[in-house]
Amino acid sequence: MWSTMNNLQENSAASPASPSVKDLEKILYGVFKIVLDGLYNIIMANDRYSLWKLGITHVVNAAHGKTHCQGSHYFYGSTVDYYGVPADDSPSFDLSRYFFPSAEYIHNALDTTSGRVLVHCAVGVSRSASIVLAYLMIHHNYTLLDAINKVKERRWIFPNRGFLKQLRALDMKLQKTS
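The numbers in the sequence shown follow the UniProt record's numbering, run straight up by one, and end at 178.
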């Protein structure tokens with residue numbers, strides 16, 4: 001796997017620091033628990049008891065208000081702080097406008113005493129994964145490729161092509177400012 005990633009990094013024509021969307025898709029074809037200490041990206045959002053047992057204190061729902069996706073202020077109750085992102089899992093949806101606010105919410109939540117954050121959506125591989133990747137890039141200075149590899153150590157993800165383009169644009173923007 002590492003040799004494939006090294007080859008993709010070396011062969012990325014658009015930018016040596018940020019692989020093309022096609023190369024990113026190849027890497028993503030490729031795991032399900034805690035992403036970082038206190039940050040979860042899992043598909044158990046509808047099981048309040050399990051979330052309570054994990055000590056989840058904050059929830060980011062990247063499919064807020066969407067069909068087939070439970071989760072709202074009312075669903076989680078008063079013991080869980082809730083942040084809803086009304087995203088469509090569509091390549092044409094502009095998720096990038098939620099990258100910084102969501103990353104800030106996650107960052108602040110993890111800074112609280114015993115803060116544990118669940119980030120989820122309907123299926124858990126595109127919208128929520130993109131939000132987690134953006135968080136890692138913004139607050140942990142990961143490149144997009146490093147963020148993908150970090151999350152893939154723990155779970156399978158596959159952001160749609162539009163989200164990959166938006167994450168790639170974020171990657172290039174953040175690399176210019178560092």
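Glycine included, every Cβ here is placed at the ideal spot set by N, Cα and C.
Taking one beta carbon from each stretch, the region 133-151 and the region 77-88 have fewer than 3 pairs nearer than 8 Å; the two do not touch.
Rounded to the nearest angstrom, the gap between the Cα atoms of N160 and S92 is 10 Å. Here I131 really is in contact with A62; their C-beta atoms are around 5 Å apart, less than 8 Å.
For L170, the CB contacts under 7 Å within the same chain, skipping 5 residues up- and downstream, are S96, F99, A134, M137 in chain order. Around the beta carbon of G65, a 10 Å sphere encloses fewer than 16 other beta carbons of the protein chains shown; the residue is thus reported as exposed. The shortest CA-to-CA distance from Y74 to any of T112, S20, V21, R48 is the one to R48.
Closest in C-alpha terms to T143, from the list K173, Y105, A129, L110, comes K173. Here DSSP, grouped into helix, strand and coil, assigns G162 to helix. V59 and K22 have their C-alpha atoms some 31 Å from each other. Per DSSP, the continuous alpha helix (DSSP H) segment holding N149 begins and ends at 144-152. 9 Å or more divides the Cβ of R116 from the Cβ of I157. Excluding sequence positions up to five before and after A147, its CB lies within less than 6 Å of the CB of L133, L136, M137, all in the same chain and listed in chain order. Taking the Cα positions, R127 is about 14 Å away from R155. E104 has its alpha-carbon roughly 19 Å from the corresponding atom of F163. L145 is a Cβ neighbour of S18, given a cutoff of 9 Å.
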